[in-house]
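Student: Going letter by letter, the sequence shown gives residues 0 to 305 in numbering that gives the first Met the number 0. Virtual Cβ for every residue (Gly too), placed ideally from N, Cα, C. Source: prediction; values computed, not measured. Pasting a structure here, questions to come.
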Amino acid sequence: MDTILPLRKRLKWQLGTFAAAAASMPVLLLPTPAAVALGGATGSLAYRLLGKVRRNTVANIRNSLPALRAMEGWDPAAGTPEELARSTFANLGKSVVEMIKLYFGQGRWLVERTELRGLEHYLKAKERGKGVIFITGHCDNWELVAHAFGTHAEGMAVVARRQKFEPLTLLLERLRNRHGNSIIYADGAARQIFFRLRKNGAIGLLMDQAVPSHEGELVEFLGRKAWTTTMPALLAAKTGAALVPGFGHREGNRHVVEFFPEIVPDPSGDPVATTRLLNRAIEQYIARHPDQWLWVYNRWKRVPKG
């Protein structure tokens, strides 16, 4: 039985890979605007068909509304949890299509139309010569954000986890190792991160993932405790690197990557207090663009009740 289960999982991944390859064909044949529109329609259809994922997504939004409503930038007309969830699915569908275009070398139109705003905040932080740690999350199309930064500014190294299915890891490597960008895998990442920061380079960290308890702390996120990495806070304290928030969002048929002023670590030196400040930056961006975040993901998993 122990040998059958891994075989089933491998077969499932292989069938999924074949289905994804087949689904990519119409995307590659269509002009980019039409393909992205098709992706949005497919995402909206998935909202109707994937009942369990839909219900979990709506629940995540509903449970976070009290915190969002208290934040600056929240629009009371943003929509109901169901409407926001539907928009989230549509955004994911568009993002998948865009990543297919990027992977197969058809993403130039997307990258060239992406605007970088607030880049002066990054340049100012870089003047200190200690390196820059980008604080970001799964907003908009986070893969396109990295491509646009590498194209219009300079490359960065993104800290990521290896996928359970090795071919998927290799696929993402091919997608991410472009435009001067590179990947640093979380397992054994410290040496590479320190080396890049010493060279005054840029590191990208997606902070809105639930990490194992031995890799972080329970820190409030959208009104509830969530397992959160303290790596950025610890790195900044040890190296003096700047903590600069940067996120993407859609404006019509183009993307905008927006950078904000450097976040100064908490004066107490407490990494949890600094991490709380970093979480706050992500929360505020979600409040301004609530349909652009990855609500389908359970950010609050493994948190003990009470």
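1. Less than 8 angstroms between C-beta atoms, sequence neighbours within five positions excluded: which residues of the same chain meet that for N55?
2. Could you check where the alpha helix (DSSP H) with I182 kicks off and where it finishes?
3. Within the 9 angstroms Cβ cut-off, does V295 reach chain C?
4. Does the Cβ-Cβ distance between G154 and A201 come in under 9 angstroms?
5. Between the beta-carbon of V26 and the beta-carbon of T113, is there less than 9 angstroms?
6. By DSSP's criteria, A241 is part of a beta bridge. Which residues make up the other side?
7. Since E97 and L109 should fall inside the 8 angstroms C-beta cutoff, what is the C-beta to C-beta distance between them, to a whole number of angstroms?
8. Which same chain residues, not among the five before or five after A308, have their C-beta less than 6 angstroms away from its C-beta?
9. Do the stretch 286-294 and the stretch 144-153 meet, that is, are 3 or more Cβ pairs less than 8 angstroms apart?
10. Going by C-alpha distance, which of T229, N140, S181 is nearest E250?
11. Can D290 be considered in contact with the ligand MN, in the sense that its beta carbon sits closer than 8 angstroms to one or more heavy atoms?
12. DSSP three-state label for I202, please.
13. Just list the beta strand (DSSP E) runs in the stretch 210-298, keeping only unbroken ones of 3 residues or longer that don't cross its boundaries, in chain order.
14. From K300, R53, H137, E119, pick the residue whose C-alpha is nearest to that of Y284; which is it?
15. Would you call the CB atoms of L217 and T227 closer than 9 angstroms?
16. Which residues in the same chain have their Cβ closer than 6 angstroms to the Cβ of T274, if we skip the five residues on either side of it in sequence?
17. Taking 6 angstroms as the limit between beta carbons, can you name the residues of its chain near G106, skipping five residues before and five after?
18. Select from F259, K304, L277, R223 the residue whose C-alpha is nearest the C-alpha of N59.
19. Throw me the rounded Cβ distance for the G38 and V95 pair, which I believe falls under 8 angstroms.
20. Between the alpha carbons of L49 and P80, how many angstroms are there, rounded?
21. DSSP puts V157 in a beta bridge; with which residues?
Tutor: Judging by the given coordinates:
1. Leaving aside the five residues that flank N55 on each side, the residues in its chain whose CB is nearer than 8 angstroms to its CB run, in chain order, V295, N297.
2. From DSSP, I182 is part of no alpha helix (DSSP H) but of the beta strand (DSSP E) over 181-184.
3. No chain C appears in this structure, which consists of one protein chain only.
4. Yes, Cβ-Cβ distance for G154 and A201 is below 9 angstroms.
5. With a cutoff of 9 angstroms on beta-carbon distance, V26 and T113 are scored as not near each other.
6. Paired residue(s): V131.
7. The C-beta distance from E97 to L109 rounds to 6 angstroms, short enough to meet the 8 angstroms contact threshold.
8. Because the chain is modelled from 0 through 305, residue 308 falls outside the range shown and cannot be assessed.
9. Too few Cβ pairs lie closer than 8 angstroms, so no.
10. N140 is the residue among T229, N140, S181 whose C-alpha sits nearest the C-alpha of E250.
11. Summarising the ligand content, the structure contains no ligands, and the ligand MN is consequently not present.
12. Strand, per DSSP.
13. Listed in chain order, they are 215-220, 223-228, 241-250, 253-258.
14. Sorting K300, R53, H137, E119 by C-alpha distance to the C-alpha of Y284 places H137 at the top.
15. Yes, Cβ-Cβ distance for L217 and T227 is below 9 angstroms.
16. Counting only Cβ-Cβ distances below 6 angstroms, and skipping sequence neighbours, we find V218, T227, T229, A232.
17. The residues K100, in chain order, have a CB closer than 6 angstroms to that of G106 in the same chain once the five nearest residues on each side in sequence are set aside.
18. For the residues F259, K304, L277, R223, the minimum Cα distance to N59 belongs to R223.
19. Taking a contact as a CB-CB distance under 8 angstroms, the pair G38 and V95 counts as one, their CB atoms being some 6 angstroms apart.
20. A direct Cα-to-Cα measurement between L49 and P80 gives close to 16 angstroms.
21. V157 pairs with I182, G203.
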